[in-house]
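Trainee:
2 protein chains.
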Amino acid sequence: MHRTHTCGELTIKDLGVEVTLSGWVAKSRDLGGMTFIDLRDRYGITQLVFNMDDNEQLCAEGRKLGREFVIKITGKVIERSSKNLKIPTGEIEIKVSKLEILNAAKTVPFLIEDETDGGDDLRMKYRYLDLRRAIVRKNMELRHKMAHETRNYLSNHKFIEVETPVLIKSTPEGARDFVVPSRMNPGEFYALPQSPQTFKQLLMVSGFDRYFQIVKCFRDEDLRADRQPEFTQIDCEMSFVEQEDILNMFEGLFKHLFKSIKGIDIAEVPRMTYADAMKYYGSDKPDIRFDMKFVELNDIVKGKDFKVFDDAELVVGICAKGCAPYTRKQVDELTDFVKKPQIGATGLVYCRYNEDGTIKSSVDKFYLEEELQKWVNAFGAEKGDLILILAGKTDKTRKALNELRLEMGNRLGFRNKDTFAPLWVLDFPLLEFDEESGRWHAMHHPFTSPKPEDIALLETDPGAVRANAYDMVLNGTEIGGGSIRIHNKELQSLMFKHLGFSTEEAHKQFGFLMDAFEFGAPPHGGIAFGFDRLCSLFAGLDTIRDVIAFPKNNSGRDVMIDSPSTIALEQLDELKIKTTV
Amino acid sequence: MHRTHTCGELTIKDLGVEVTLSGWVAKSRDLGGMTFIDLRDRYGITQLVFNMDDNEQLCAEGRKLGREFVIKITGKVIERSSKNLKIPTGEIEIKVSKLEILNAAKTVPFLIEDETDGGDDLRMKYRYLDLRRAIVRKNMELRHKMAHETRNYLSNHKFIEVETPVLIKSTPEGARDFVVPSRMNPGEFYALPQSPQTFKQLLMVSGFDRYFQIVKCFRDEDLRADRQPEFTQIDCEMSFVEQEDILNMFEGLFKHLFKSIKGIDIAEVPRMTYADAMKYYGSDKPDIRFDMKFVELNDIVKGKDFKVFDDAELVVGICAKGCAPYTRKQVDELTDFVKKPQIGATGLVYCRYNEDGTIKSSVDKFYLEEELQKWVNAFGAEKGDLILILAGKTDKTRKALNELRLEMGNRLGFRNKDTFAPLWVLDFPLLEFDEESGRWHAMHHPFTSPKPEDIALLETDPGAVRANAYDMVLNGTEIGGGSIRIHNKELQSLMFKHLGFSTEEAHKQFGFLMDAFEFGAPPHGGIAFGFDRLCSLFAGLDTIRDVIAFPKNNSGRDVMIDSPSTIALEQLDELKIKTTV
Numbered sequence: 016m017h018r019t020h021t022c023g024e025l026t027i028k029d030l031g032v033e034v035t036l037s038g039w040v041a042k043s044r045d046l047g048g049m050t051f052i053d054l055r056d057r058y059g060i061t062q063l064v065f066n067m068d069d070n071e072q073l074c075a076e077g078r079k080l081g082r083e084f085v086i087k088i089t090g091k092v093i094e095r096s097s098k099n100l101k102i103p104t105g106e107i108e109i110k111v112s113k114l115e116i117l118n119a120a121k122t123v124p125f126l127i128e129d130e131t132d133g134g135d136d137l138r139m140k141y142r143y144l145d146l147r148r149a150i151v152r153k154n155m156e157l158r159h160k161m162a163h164e165t166r167n168y169l170s171n172h173k174f175i176e177v178e179t180p181v182l183i184k185s186t187p188e189g190a191r192d193f194v195v196p197s198r199m200n201p202g203e204f205y206a207l208p209q210s211p212q213t214f215k216q217l218l219m220v221s222g223f224d225r226y227f228q229i230v231k232c233f234r235d236e237d238l239r240a241d242r243q244p245e246f247t248q249i250d251c252e253m254s255f256v257e258q259e260d261i262l263n264m265f266e267g268l269f270k271h272l273f274k275s276i277k278g279i280d281i282a283e284v285p286r287m288t289y290a291d292a293m294k295y296y297g298s299d300k301p302d303i304r305f306d307m308k309f310v311e312l313n314d315i316v317k318g319k320d321f322k323v324f325d326d327a328e329l330v331v332g333i334c335a336k337g338c339a340p341y342t343r344k345q346v347d348e349l350t351d352f353v354k355k356p357q358i359g360a361t362g363l364v365y366c367r368y369n370e371d372g373t374i375k376s377s378v379d380k381f382y383l384e385e386e387l388q389k390w391v392n393a394f395g396a397e398k399g400d401l402i403l404i405l406a407g408k409t410d411k412t413r414k415a416l417n418e419l420r421l422e423m424g425n426r427l428g429f430r431n432k433d434t435f436a437p438l439w440v441l442d443f444p445l446l447e448f449d450e451e452s453g454r455w456h457a458m459h460h461p462f463t464s465p466k467p468e469d470i471a472l473l474e475t476d477p478g479a480v481r482a483n484a485y486d487m488v489l490n491g492t493e494i495g496g497g498s499i500r501i502h503n504k505e506l507q508s509l510m511f512k513h514l515g516f517s518t519e520e521a522h523k524q525f526g527f528l529m530d531a532f533e534f535g536a537p538p539h540g541g542i543a544f545g546f547d548r549l550c551s552l553f554a555g556l557d558t559i560r561d562v563i564a565f566p567k568n569n570s571g572r573d574v575m576i577d578s579p580s581t582i583a584l585e586q587l588d589e590l591k592i593k594t595t596v
Numbered sequence: 016m017h018r019t020h021t022c023g024e025l026t027i028k029d030l031g032v033e034v035t036l037s038g039w040v041a042k043s044r045d046l047g048g049m050t051f052i053d054l055r056d057r058y059g060i061t062q063l064v065f066n067m068d069d070n071e072q073l074c075a076e077g078r079k080l081g082r083e084f085v086i087k088i089t090g091k092v093i094e095r096s097s098k099n100l101k102i103p104t105g106e107i108e109i110k111v112s113k114l115e116i117l118n119a120a121k122t123v124p125f126l127i128e129d130e131t132d133g134g135d136d137l138r139m140k141y142r143y144l145d146l147r148r149a150i151v152r153k154n155m156e157l158r159h160k161m162a163h164e165t166r167n168y169l170s171n172h173k174f175i176e177v178e179t180p181v182l183i184k185s186t187p188e189g190a191r192d193f194v195v196p197s198r199m200n201p202g203e204f205y206a207l208p209q210s211p212q213t214f215k216q217l218l219m220v221s222g223f224d225r226y227f228q229i230v231k232c233f234r235d236e237d238l239r240a241d242r243q244p245e246f247t248q249i250d251c252e253m254s255f256v257e258q259e260d261i262l263n264m265f266e267g268l269f270k271h272l273f274k275s276i277k278g279i280d281i282a283e284v285p286r287m288t289y290a291d292a293m294k295y296y297g298s299d300k301p302d303i304r305f306d307m308k309f310v311e312l313n314d315i316v317k318g319k320d321f322k323v324f325d326d327a328e329l330v331v332g333i334c335a336k337g338c339a340p341y342t343r344k345q346v347d348e349l350t351d352f353v354k355k356p357q358i359g360a361t362g363l364v365y366c367r368y369n370e371d372g373t374i375k376s377s378v379d380k381f382y383l384e385e386e387l388q389k390w391v392n393a394f395g396a397e398k399g400d401l402i403l404i405l406a407g408k409t410d411k412t413r414k415a416l417n418e419l420r421l422e423m424g425n426r427l428g429f430r431n432k433d434t435f436a437p438l439w440v441l442d443f444p445l446l447e448f449d450e451e452s453g454r455w456h457a458m459h460h461p462f463t464s465p466k467p468e469d470i471a472l473l474e475t476d477p478g479a480v481r482a483n484a485y486d487m488v489l490n491g492t493e494i495g496g497g498s499i500r501i502h503n504k505e506l507q508s509l510m511f512k513h514l515g516f517s518t519e520e521a522h523k524q525f526g527f528l529m530d531a532f533e534f535g536a537p538p539h540g541g542i543a544f545g546f547d548r549l550c551s552l553f554a555g556l557d558t559i560r561d562v563i564a565f566p567k568n569n570s571g572r573d574v575m576i577d578s579p580s581t582i583a584l585e586q587l588d589e590l591k592i593k594t595t596v
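Protein chains in written order, with our numbering: chain A, 16 to 596; chain B, 16 to 596.
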């Protein structure tokens, strides 16, 4: 037997018990005639002690153990003289009477500790050692719990998990599909799914009523923005539902996850329209951990000969609580920040509402203090606050102010990773105009239903048509989204017409789903959550890579196994393909 | 709102309640001035009633509803005059006051009923309609429950589910790998995993201690034998364990599944060595729902001038209880059966132990009744039994007798799908000789550990070396298998030597796993279950296709979505590949 206990469970209650433990040598130190070893496994660390006076040979063997050696020991649980109350096993140690080396270890390339000396590249190459660090392993444990509790909640709500195929069909627009040559069908290819969208809708046609799947999806695209070529979704679909049913069901999932994983009671998730999100936060995924809403100033700033404001489509600002004392340098930093090319503002106007009641702005030459008082009123600013204003084209200015707002949130410590502020964003536009093709595109996908009251606008003002589409946002990150689908044939045809598809094109691209819809499709809708992202937010991490056991790098490479790689010519021949590099 | 209740929940307790239901029109019949409709959803069937006298227009609309129309109705729960006590909702019906057609349906290509008129091909083409049949959907519900209970059990036993990558690396021996060209790394390919074997072993090196995953695996091979190019495994690995720990843990999983899914208490799973399985059942996966063990007769049949037996390496038989009255024709059928080319016996000797105490055999000319009495004694046969004997080369004869035994099991009704007889088969040979390459091959894989007491035999009698390898067998089907792995470098080198690998070859093929083993690998072992097969056995089905929502056919094609398919030239160009068909 390799162990009677794990390294995480022995406490003062076990004094005197003879135990066998197995694990890794985490640390070792000699102190006078004694040698102390931290023995580590997944469950914790237990201190071992060897004593020269008791057993010289054994102690000598103990001294020779290297870091990360795998050993098995037998010994008695005794009370420690110097206790470590930070860990559950910290009051005891094991007086070793028997030692067996199960496996030796070469010197590891970096420290197996929470604070390691290994750089990113090295840790990825030796990911199996990186995963040995408690801080990394805990992320995987969290991920496991998240998946398990998601399944519990959904199963308890009558959802069935159905595995949809991984080897599917490439669609004409599947530019980002990974494809897989078929040996049995030479010249033909499968594709890996970017999502199980079609299959989950088919399952609704099948009457499955409530479907979910925690499922790998694949996208062959640029990976700059913390993306992975393979990623995991919580994919869900329900029949005979309206938007409200979906929002309630998945708000419930969310509350369950917060409660069961983090012990946090989440209040009702607030809801915001897409239009309001853009107007008040300049983003379709507002971080509402803090307020600092946009205030539009067109009505009160125009016509005072300040050309920048007079020419602007939108003048809009935020109020930074308590920042009036910002130094010139600090304000300049903010100006530099908004002028960065990726943010693109041309300048920043500020207005201090000083503690002494005076109001000073960077545009004092155009605005009298009584006019500035109107600004202060518009923001509901208090003494000590700093107002920051941008002006220009509406979309661009909102986007820039969103960045500035987030930056101020960071500076003011409002974006704490232990604070969680979920939000539903509703009523997304159904269509967006694609400048390149000069056509309207479905913002989600062509089966997303428009709001009934907006259908008439399809003819007159397509951009104003709102969809029954919703996103779940957490701390400024989109973590899920979905829609109520069109199940009605006439409406679907109308949609295809407005998307510029002929019946033939529509059928070529969505053929079997459209066929299926002819045989009695129920009203249905669904949602999909980015599981990697959700886990990283729960874990308070910045990148999804940290919640993926074996992630790929920005070039889509797994540097540990050195993949992708060339394959043998015989293999290519058998598949009836050739590379043309 | 689309419904207040599902079609499976209203009973006599709900009399008088006004309800709204949605679902599919399963059946419709007019009876005098009344129209009755079976409304179906996933949860059941509720009868609707329309009455000409009450509301002529509504009833007329009801009469026009076609099969599989999706409708929403409102009405009152009333007591049925003619009750159907076979279903929970059979005592009530809904007197419809409001009807809305949510979606019409074309005529479906086959009946959506348990007994359908649709052939296999048609049902696969319209799989989404096939899945609408309760009998098919129930298989998916079972599969969901099996996965969920598996996860519950393993999570409760400290296993962590870790997602391993789907885009991995093709190995030099990955002849059956599916490969995936990488757009970002032109000329290079990922491979889809045939199993996560390497990754789960790496996770043990990482100290994960107990890993599992319900995971899709992929194999590009001939699909004749009820296989699928993508299939699902319950993949597990544990550290600091011996074989006994693994057997106990997964016997526990098995018991939990039987109890929670089928309400069956499974007794301790019996164990059998591979050697005994071959000797007594002629198979490494004996069906032990019935006894009928092989009895070897060499000692008592030889030397009586019956050349067939005298020349045979092995004379071996089974005793079919109560079959002595078999007619000549029935015995001839059995003879024809064993002579089929795929079974390959040259003939069948029988011996009847008649009810009147006489013994008659097909070889009476060589054996006196007192000699035949010895046969009877060897089998422990009783009056009325029929003994069936084959002779020839040991392996071939055992294999043929295994087939005959299973055939007799079928004829005697011993192979009931509702009876479950699991079995551990232990002590598999470590190596098997490959005639083609003239080399010994690892029967499982090269990391499988030999029994310590057999290691010396590696030099002298490699075929006799037993492995710490085990299979779980259920009703004559292998449903899982695994082994204790080698974690010791010297032993691993010895193994590679005996498998004819140079150090370089071994490193090329298993490089990063061997590297990983140098940094402190714990003793570990694991098992993997074929989840599709397991589900099909639980469901009492003959093929794994029936427990897969969207299976592929024998040519690896999904006929519903028509995949695989050709892809656009531009797509091939971007991937820097060409087809050579």
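Backbone N, C-alpha and C define an ideal beta-carbon position, used for all residues, glycine too.
Over the uninterrupted beta strand (DSSP E) stretch that includes residue 456 of chain B, give me the two end residues.
Mentor: 454-457
Trainee: Taking residue 143 of chain A as the query, report the chain B residues whose CB atoms sit under 7 Å from its CB, ordered along the chain.
Mentor: 217, 220, 221 and 531
Trainee: Check whether the region 485-495 of chain A and the region 288-308 of chain A touch, using three or more Cβ-Cβ pairs below 8 Å as the test.
Mentor: The region 485-495 of chain A vs the region 288-308 of chain A: in contact.
Trainee: Between residue 621 of chain B and chain A, is there a C-beta pair that is closer than 8 Å?
Mentor: Here chain B has residues from 16 to 596 only, and residue 621 of chain B is not among them.
Trainee: Roughly how many angstroms lie between the CA atoms of residue 590 of chain A and residue 185 of chain A, to the nearest whole one?
Mentor: 18 Å
Trainee: Does DSSP put residue 22 of chain B in a helix, a strand or coil?
Mentor: For residue 22 of chain B, the three-state secondary structure derived from DSSP is coil.
Trainee: Please tell me whether residue 93 of chain B and residue 36 of chain B are closer than 8 Å, where the distance is taken between their beta carbons.
Mentor: Cβ atoms of residue 93 of chain B and residue 36 of chain B: not closer than 8 Å.
Trainee: Counting only beta-carbon separations shorter than 8 Å, does residue 78 of chain A have a partner in chain B?
Mentor: no
Trainee: Below 7 Å between beta carbons is the criterion; list the residues of the region 123-134 of chain B that meet it against any residue of chain A, in chain order.
Mentor: 123
Trainee: Below 8 Å between beta carbons: does that hold for residue 246 of chain A and residue 535 of chain A?
Mentor: No, the pair does not count as a contact, with Cβ atoms beyond the cut-off.
Trainee: If you count every other CB in all the chains shown that lies within 10 Å of the CB of residue 175 of chain A, and 16 or more means buried, which is it?
Mentor: With 16 or more Cβ atoms within 10 Å of its Cβ, residue 175 of chain A is classed as buried.
Trainee: Taking the continuous beta strand (DSSP E) assigned at residue 420 of chain B, which residues delimit it?
Mentor: Premise fails: residue 420 of chain B lies in the alpha helix (DSSP H), 409-426, not in any beta strand (DSSP E).
Trainee: Examine the Cβ distances between the region 447-454 of chain B and the region 309-320 of chain B and report whether three or more of them are shorter than 8 Å.
Mentor: no
Trainee: DSSP state of residue 550 of chain A, grouped into three classes?
Mentor: helix
Trainee: Could you tell me which uninterrupted alpha helix (DSSP H) segments, each at least 4 residues in length, are contained entirely in the region 124-153 of chain B, listed from first to last along the chain?
Mentor: 135-140 and 142-145
Trainee: Compute every distance between the C-beta of residue 323 of chain B and the non-hydrogen atoms of the ligand GDP, then say whether any falls below 7 Å.
Mentor: Looking at this structure, you won't find the ligand GDP or any other ligand, since it has none at all.
Trainee: Which of the three DSSP states, helix, strand or coil, is assigned to residue 12 of chain A?
Mentor: In the structure as shown, chain A starts at 16 and stops at 596, and residue 12 of chain A therefore has no counterpart that could be examined.
Trainee: Give a yes or no on whether 8 Å exceeds the smallest Cβ distance from residue 576 of chain A to chain B.
Mentor: With 8 Å as the cut-off, residue 576 of chain A counts as an interface residue toward chain B.
Trainee: Whole angstroms is fine: what's the gap from residue 124 of chain A's alpha carbon to residue 133 of chain A's?
Mentor: Cα to Cα, residue 124 of chain A sits roughly 7 Å from residue 133 of chain A.
Trainee: Do the region 331-350 of chain A and the region 393-410 of chain A meet, that is, are 3 or more Cβ pairs less than 8 Å apart?
Mentor: yes
Trainee: Could you tell me which of A:434, A:414, A:425 and A:483 sits nearest to residue 444 of chain A, measuring between CA atoms?
Mentor: A:483
Trainee: Anyone know if the C-beta pair for residue 183 of chain A and residue 208 of chain A falls short of 8 Å?
Mentor: yes
Trainee: Beta-carbon within less than 7 Å of residue 537 of chain A's beta-carbon, same chain only, minus the 5 sequence neighbours each way: which residues are those?
Mentor: 219, 254, 255 and 502
Trainee: Could you give the DSSP three-state label for residue 253 of chain B: helix, strand or coil?
Mentor: strand
Trainee: Using a Cβ cut-off of 9 Å, which residues of the region 497-524 of chain B contact any Cβ in chain A, in chain order?
Mentor: 502, 503 and 504
Trainee: Quick check on the burial criterion: 16 or more other C-beta atoms within 10 angstroms. Buried or exposed for residue 264 of chain B?
Mentor: buried
Trainee: Should residue 176 of chain B be flagged as near chain A, meaning a C-beta pair shorter than 8 Å?
Mentor: Closer than 8 Å to some Cβ of chain A, the Cβ of residue 176 of chain B qualifies, so yes.
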